[in-house]
Structures are given as structure tokens and as C-alpha cells.
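Enquirer: Residues in the sequence shown are numbered consecutively from 4, following the numbering used here. In this text, a Cβ means the ideal position worked out from N, Cα and C, and glycines have one as well. Structure below; questions to follow.
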Amino acid sequence: MQLKYSLVALACIATLSAEDSISISYLQYDEDNNRVSVSAPAIAIQKDFGKDYTLDVYVVSDSVSGATPTYVEENVVASSGATSVATTTSVVPVYNQSNEFDEVRNAYTLNLTKRLENRNEISIGTTVSLESDYYSYELSGGYLQYLDTAKNRSLNYGLSAQFNEILVYCASSTDTEVCDASSGSSEAATSIGIGTEIGLSQILDKNSIIKGSLFLKYEDGYLSNPYLKAVKDDGVSLTLESDQRPDTRLGYGAYLSYKNAFRDNQTFQVDYRLYSDDWGILSNTVNTKYYYEATNDLTLGFGLRYYKQSEADFYQEGYFEPSARYLSSDERLSDFSAVTYTFEAKYNITDKLSTNFSYNSYDQSTDLSATYYTLGFKYKF
């Protein structure tokens, strides 16, 4: 099973600032109807070496389990780890606990920041993500350039390259010449991704800041989901087919953020993200946050996020024509909208020790709902 990102990563890294610190956090994510459950402990360490170098280390372990709806051959159990069994050719759309998965992903991130004499910054980083059937390796670099002596305006440049290896689940045959006996996969597919971003940040006054960026990402290789199936209907019989997507994808978009401390103890932030790609997906995201410093030690936060996307050109909920080249019934490629409600709290236990908690409720128009929370502690040293 491919776990390309971790929610807890954002929750934990966001608590770090430019000071020596260690943070630990735990995320629990649960979808309704026992579809997917995620448990993710994480640790993040930030260490300054003099005034010119900062090292960030981040480690997370995601344990994911559940069952997702897909078309399967009757009596076939599609388990994670590329284990293959196939006993009949009767095609039925099912969603039940037999189509289960249980996966663990371990990810490790290192990032080093170097400050130049003019205090511009160069950063380099690497991330390794390992699962039983999916391996990902990423290199990234960035440059922060101040455009004025007061450091009120800056440009950010970023570039990343990713290589992925995917063990494609083999459900077409029990023949060991087709399916590898040890891994249960029929092939080891690969994909690459290259991303770039340029952003501008401007401090407007002592209470407000605005940020904007443009981004581009290109992917090439095996981009299908090896565990999902689709069905072709020729009018006589049904044929079970593997999820099949184009082997390239070009995505691009823009991001805009505005933050204002309109009172001494209150801050409001609004973000907007526009995304489009050559698969036909167009998405809009609006995210709002409000923070209230109730006391010197307690800060409360409330958030509302709205997301809307169009469906991919080759997505279809029902059966496909026999001539269809690309086909996917993956709900994540469908037309849907979603709303997330967030509550956050941060409390300073001492000058060096603080704790944070967040609770999120997610509702999607496709009858999917989920809740997730994070609990973390941060110690400055």
C-alpha cells in the first residue's frame, strides 16, 4: 500500500521554530465504517550549530489498517504486501472486511540549512520512506533570498526529485512464473517525480504578512494503484481489469496566504490553493484559522477548511467500455468536496516544555467521514 504522505509530519514540524528543541507527537486517524485507521508516532529534533547552520531530523512510523471498497474476483483476498490469491473469475463489486490491509511505513527526513554572510539561506534535504511494497527516496534543495536590508521581503526557490519503487500486486494468477513466491508481486515498477516552486513573502506592517507561490510537479512511470480494480462491460460479460492510469502527470498551481494579528492576543490566517493537472483534475482549497491567546501560557485555535475538486478524465464509478485505454474507479479521482473542522490548543507547562493538541473532523461529499487528533510535547534545550 502506498503511503505518500503523513498527516502527523505537518503537525509535528509546524511546532518547530529556530531554536534547539525536540518534539514528540502521536496522531490517530479513523475513518467511518472501519475503512482506514492510522496510528503515527513521530519525533522531530532541531539543532543549531552556531549562527550559520541548523539541522532538522524527523522520523515517523505510520501503522495503517482497514478495508477499502474495490471490484474484486469472488473469494480473492487483496492484502497489503503484494500477497496474491485468485480462485475464481466471477466478478462482483464488494466492500467487506475480507478486502483488508495492514501496513507499516517508516520515514526518515534530514534537512540542513546554511546561512550566508548576507543571511540568505541555502537548504538541502533528503527523505527515505519504506514500506513492504513501496520504497521512496527524495532529494530537495531550497534558497531563501532577502530582497531588502530590513528583511521584509524575500524570495523562496525550491526543487525536489523523487524516485519510487512499487511492488505491483499480483492477482491474475497463482502461477509462480507470473507471481513472485516471496513477495507476491508480479513486477517491480518504478516512477519518478520532479517538483519546483517559487514564492514571495512580504511583511506588510507590524501585524500582517502575505505570502504567495507558484508550483509545478511532473511525474513519470507507474502511477496506477496496484491494489484497485475496474470492470469493463462488453454487453455480454464483465472483465476485471487492473487500475490503469497514464504514465505521466503534469500538475501546477498557485498558493496565497495572508496572516494578520489584528489584536494583541488574536490572529487570523486565510490560505488559498489552486491546482490543476493534465489528468483533468481542477481543485480549489480555502483554509482559515483563528488563534486566541487566552493567557500567557494557553493559546486556542479554530480552523475551517473547504476543498473541492473535479474528476479525472478517465474516472468512472460504474463499468467501462471495452475500448477504454485508461480506467480507474478510485474515489480519490472523483468529483467531490470536503470540509474539515479543527480545534487546537497549546499550553506552556514551563519556559522550556510545552504541549499541543488538535482535533479534526472531516466530512466528504462521497459519504466518507473521518476524525483525527494529534497530541504532542516540545522541549527546548
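1) To the nearest whole angstrom, what separates the beta carbons of D65 and A43, a pair I think is in contact under 8 Å?
2) Taking the beta strand (DSSP E) that S40 falls in, what are its first and last residues?
3) Is it buried or exposed for L119, if we count other Cβ within 10 angstroms and need 16 for buried?
4) Which of the three DSSP states, helix, strand or coil, is assigned to D23?
5) Given this structure, state the Cα-to-Cα distance separating T251 from T199, to the nearest angstrom.
6) Locate the beta strand (DSSP E) running through Y140, then write down its first and last residues.
7) Quick one: what does DSSP say N36 is sitting in, helix, strand or coil?
8) Could you tell me the boundaries of the beta strand (DSSP E) in which V239 lies?
9) Assess, as a yes-or-no matter, whether the stretch 346-353 is touched by the stretch 297-315 under the definition of 3 or more beta carbon pairs within less than 8 Å.
10) To the nearest angstrom, how far is it from the Cα of T281 to the Cα of S357?
11) By alpha-carbon positions, which one of Y318, P325, N155 ends up nearest to E334?
12) Who are the Cβ neighbours of L219 in its own chain at under 6 Å, not counting the five residues just before and after it?
13) On the three-state DSSP scale, how would you describe E334?
14) Helix, strand or coil for D105, going by three-state DSSP, please let me know.
15) Where does E324 fall in DSSP's three states?
16) So, under 8 Å CB-CB, D105 and Y375 are touching, yes? Tell me the CB distance rounded to an integer number of Å.
17) With DSSP collapsed to three states, give me the class of Y221.
18) Let's test the definition: count the other Cβ atoms within 10 Å of the Cβ of Y56 and tell me whether it reaches 16, buried, or not, exposed.
19) Measuring only the C-alpha atoms, how far is F166 from F265?
20) Are E124 and A70 close, meaning C-beta to C-beta below 7 Å?
21) By the three-class DSSP mapping on this structure, what secondary structure does R276 have?
22) Count the other C-beta atoms from every protein chain shown that fall within 10 angstroms of the C-beta of R108, then say buried if there are 16 or more, exposed otherwise.
23) Closest by CA to V234, which one among K292, Y329, G306?
24) Can D246 and L231 be called in contact, C-beta distance under 7 Å?
25) Check F317 in the structure and name its three-state DSSP category.
26) Measuring only the C-alpha atoms, how far is V97 from L241?
27) I need the straight-line Cα distance from E72 to Y261, nearest angstrom please.
28) Reducing DSSP to helix, strand and coil, say where K262 ends up.
29) Which whole-angstrom value describes the C-beta separation of L253 and Y293, a residue pair presumed to lie in contact below a C-beta threshold of 8 Å?
30) Going by DSSP, what residues sit across from Y436 in a beta bridge?
Expert: In short, the structure shows the following:
1) 5 Å
2) 39-52
3) exposed
4) coil
5) 17 Å
6) 137-149
7) helix
8) Note, V239: premise wrong, no beta strand (DSSP E); not H, not E.
9) yes
10) At residue 281 the sequence reads Asp, which differs from the Thr that was named. Computed Cα separation, rounded: 45 Å.
11) Y318
12) T199, Y255
13) helix
14) strand
15) coil
16) Contact doesn't hold; Cβ gap of about 19 Å is too wide.
17) strand
18) exposed
19) 44 Å
20) no
21) strand
22) buried
23) Y329
24) yes
25) coil
26) The pLDDT assigned to V97 is 45, lower than 50, so where the model puts this residue is not dependable, and the model offers no usable value.
27) Checking the displayed sequence, the identity of residue 72 turns out to be Pro instead of Glu. The alpha-carbon atoms of P72 and Y261 are separated by roughly 39 Å.
28) strand
29) 36 Å between Cβ atoms; not a contact.
30) The chain is shown from 4 up to 384; residue 436 falls before or after that span and cannot be answered.
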